[in-house]
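Everything on this sheet refers to the single structure shown next.
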Amino acid sequence: MYPFDQCKKEITIELQKVLAKYHSNIEIRVEIPPNNMGDFAFPCFSLAPYAKKSPIDLAKDIASGISKNKLITKIDAKGGYVNFFIDNTYLTSVTLKSILEKKDTYGCLQKKKKKVIIEHTSANPNGPLHVGRARNPIIGDTLVRIFKAAGYDVESQFYLDDMGKQVAILAWGIHNLDGKQIPLSENKKADHQKVGFYQIANERMESDEKVTEAIGEIVKKLEQGDHNTIDMIHASYAPVLDGIKQSLSRINIHIDTYIPESAFINDKSVDRVINELKQTTYCHEQDAAFYLDMEPFGIHGRSTKFFFLRSDGTTLYATRDIAYHQWKAHHADLLINVLGEDHKLESKQVQVALELLHTKVLPQIVFYAFVSLPEGKMSTRRGRVVYLDELIDECIERAYEEVKKRRASELTESQMKKIAELVGIGCLRYNIIKIQPEKDILFTWEEALNFEGNAIPFIQYAHARACSILSKTKVKKYTYDSTLLTHNSEILLVKQLARFPLVIDDACIGCKPHIVANYLYETASVFNQFYRDCPVLSEENIILRSSRIALVNATKIVLHNALDLLGISAPEEM
RNA sequence: GGGCGUGUGGCCUAGCCUGGAUAAGGCACCGGCCUUCUAAGUCGGUAAUCGCGGGUUCGAAUCCCGCCACGUCCGCCA
0 MYPFDQCKKE ITIELQKVLA KYHSNIEIRV EIPPNNMGDF AFPCFSLAPY
50 AKKSPIDLAK DIASGISKNK LITKIDAKGG YVNFFIDNTY LTSVTLKSIL
100 EKKDTYGCLQ KKKKKVIIEH TSANPNGPLH VGRARNPIIG DTLVRIFKAA
150 GYDVESQFYL DDMGKQVAIL AWGIHNLDGK QIPLSENKKA DHQKVGFYQI
200 ANERMESDEK VTEAIGEIVK KLEQGDHNTI DMIHASYAPV LDGIKQSLSR
250 INIHIDTYIP ESAFINDKSV DRVINELKQT TYCHEQDAAF YLDMEPFGIH
300 GRSTKFFFLR SDGTTLYATR DIAYHQWKAH HADLLINVLG EDHKLESKQV
350 QVALELLHTK VLPQIVFYAF VSLPEGKMST RRGRVVYLDE LIDECIERAY
400 EEVKKRRASE LTESQMKKIA ELVGIGCLRY NIIKIQPEKD ILFTWEEALN
450 FEGNAIPFIQ YAHARACSIL SKTKVKKYTY DSTLLTHNSE ILLVKQLARF
500 PLVIDDACIG CKPHIVANYL YETASVFNQF YRDCPVLSEE NIILRSSRIA
550 LVNATKIVLH NALDLLGISA PEEM
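For the first sequence, numbering that gives the first Met the number 0 gives the first residue as 0, with consecutive numbering after it.
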């Protein structure tokens, strides 16, 4: 158990003893008060009626009923709150011990012995990832890291559309369009080279019904299992998918498993889904096509029909998605999907179908709002996009300029290039993850390349400062005397470091990756205050000096671990 | 028309789930701090009817209802 949990538990036990006489069944919830009012607080407002006292008097009563011990040094009643002060020496001692012992695993929670599948990205392999879609892998990958730290066995999955209309359009374009008609991309990666075929094929489809038919024919053959068509489609999208993987890899994202939609056609599980859905009382037929009526499930609007089988007998994306989710439910205890907000209805339809089919595990969905451009929503089809590769390059370029401006005389070219890479990638991931998913983002280059204030260089710089101090000491083993770390900046820093495990728990429970970003920023900020107030290397008291070194090392560990949760590197110098 | 989400100083964001003690940061702007561990830092200042209107409550940015604005969806697309 981590120090903060221990304190909280201890206080709750003490409170339980004192509160027993009021016979209320109110849950004892201890909260963290605003600055300088203690470390934990118990609000007396909801208990006051049971005690037949004013909250202010009740707080005084409770405060006088609890005795101090080695952990609680002061109990204060103030305005209806009982405020608890934790012994700083004790907290410092146990916190530093915990961090220095656990190192890379500090913050990680107890193993849960539960498997979670996190599905994210799942982009159609018809072109490069763009910045709108980039929110998906970044949120997804950060959740993967958070859930791992929270003690889950995690597998990340990319649901690969190798059956639908989108890949069929791409394949048709590649086989029927003259390469000379395709606008050239400067980027040599296959995804950038092929996307033009997709775009032009889309235009042709809109103006020419024969093209629409040809593409429909491809989709139908795919579903019938025609080997030539399957091979042709695979050959068309495989290089594009490869390009997508390369882009992901540049921003430290690796996806464990790619699950093709076709798998659920081939193993007939989609057929089973169709048969079972047909048996439900909500199923209706219309011109040989089948749908579920969604009206009874609270879905209203212009159409409440959820079609799962076309009149030509082929399935739809959502139908295959149901089969996929049933399969996932068999392989995990917890399912999480990261989806764009445009998938809300489809996701609800799938959810209803899964319930009708008595699926054991239903997915928990993290929806994110779109990243749009000042001129409107990003669209691959219309070519109105900022590609992820483009943004990665710009971020690194910008970071390089900044390093050069500051360190050109001290560092070699390759050192500067290396730092620019770490800062640039971090900048990209941080600027996206620091905003809660449901908030929409208007993409501007100025914001995306933000290096000031609440941005990654601030945090990485704090880490580099810590490393710089440590590199100038010859300490092998970190010894400390926690009674000497009494400066307010030292105490605030220790408390901040002690909070880290709670942050992981919160971020995991709420699927809220942005709170890790907030925590990192605060931690870097508190460390900078310590850096200002408490000189380390020039401290003459040898024991205080080594205690501060231990604190710096602990901070370095926490910053590193928290950055790692966001998939961002912690440079040792910058 | 209906569903879902968002609305917090000039701009961007946290807090909302689980109501509580002076609404917290960043950018921009103004004024300080480098003979001391990298100033990508730090200290101070100006700046908010928490979209609008009701309600619940001792107490509402937070919960409930209505309205407005923006986003998104309501395809035998994915």
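Even for Gly, the Cβ is constructed at its ideal location relative to N, Cα and C. These numbers come from a predicted model, not from an experiment.
Less than 7 Å separating the beta-carbons of residue i and residue j?
i	j	result
ASP190	GLY139	no
ARG428	ILE243	no
PHE529	ALA461	no
LEU519	ALA561	yes
LYS102	ILE556	yes
ILE145	LEU496	no
ALA200	ILE229	no
VAL349	ASP320	yes
LEU159	TYR49	no
LYS631	LEU536	Here the chain comprises residues numbered 0 to 573, so residue 631 is not present and cannot be evaluated.
HIS129	VAL384	yes
ILE490	VAL551	no
HIS342	LYS433	no
PRO2	ASN82	no
Buried or exposed: where does residue i fall if 16 or more other Cβ atoms within 10 Å of its Cβ makes it buried?
i	result
ARG405	exposed
MET162	buried
LEU291	buried
MET293	buried
TRP444	exposed
THR94	buried
GLY131	buried
MET415	buried
MET573	buried
LEU183	exposed
ILE12	exposed
VAL474	exposed
ALA58	buried
GLY574	No information on residue 574 is available, as it lies outside the stretch 0 to 573 that the chain covers here.
At which residues does the beta strand (DSSP E) containing residue i begin and terminate?
i	result
GLN156	152-159
PRO42	39-42
THR72	71-77
GLY339	333-339
GLN363	363-367
Residue i: which of the options sits nearest, CA to CA?
i	options	result
HIS174	PHE307, HIS233, LYS219 and GLU345	HIS233
LEU240	VAL166, LYS359 and LEU46	VAL166
VAL194	THR522, ASP504, TYR386 and ASP480	TYR386
THR554	ILE25, GLY106, ALA40 and ASN82	GLY106
GLU340	LYS438, SER302, ASP207 and GLU13	LYS438
LYS67	GLN109, SER97 and CYS6	CYS6
GLN325	PRO295, LYS343, PRO570 and LEU356	LEU356
Rounded to whole angstroms, what's the CA-CA distance from residue i to residue j? Just pull it up for me.
i	j	result
LEU142	GLN223	37 Å
GLU393	LEU448	8 Å
ALA574	ILE214	Outside the displayed span of the chain (0 to 573) sits residue 574, for which this structure offers no information.
LEU558	ASN453	15 Å
ILE27	LYS73	19 Å
SER63	ILE137	50 Å
SER246	ILE117	19 Å
GLN15	GLY79	17 Å
ASP177	PHE196	9 Å
MET583	THR211	Coverage of the chain is limited to positions 0 through 573, which leaves residue 583 absent and any answer about it impossible.
GLU284	GLY297	21 Å
ASP86	LYS69	7 Å
VAL365	PRO42	33 Å
LEU333	ASP75	43 Å
ASP532	LEU492	12 Å
PHE457	VAL153	31 Å
ILE254	ILE548	38 Å
ALA19	HIS330	45 Å
SER488	LYS494	10 Å
Counting along the chain, where does the alpha helix (DSSP H) carrying residue i start and finish?
i	result
PRO456	455-470
ASN82	Where ASN82 is concerned, there is no enclosing alpha helix (DSSP H), although the beta strand (DSSP E) it sits in stretches over 80-85.
LYS244	226-249
ALA497	487-497
GLN15	2-18
TYR429	412-432
PRO259	Counting along the chain, PRO259 falls outside any alpha helix (DSSP H), though it belongs to the beta strand (DSSP E) covering 256-259.
SER310	Run containing SER310: none; DSSP gives neither H nor E here.
LYS220	208-223
LEU344	343-355
VAL269	268-278
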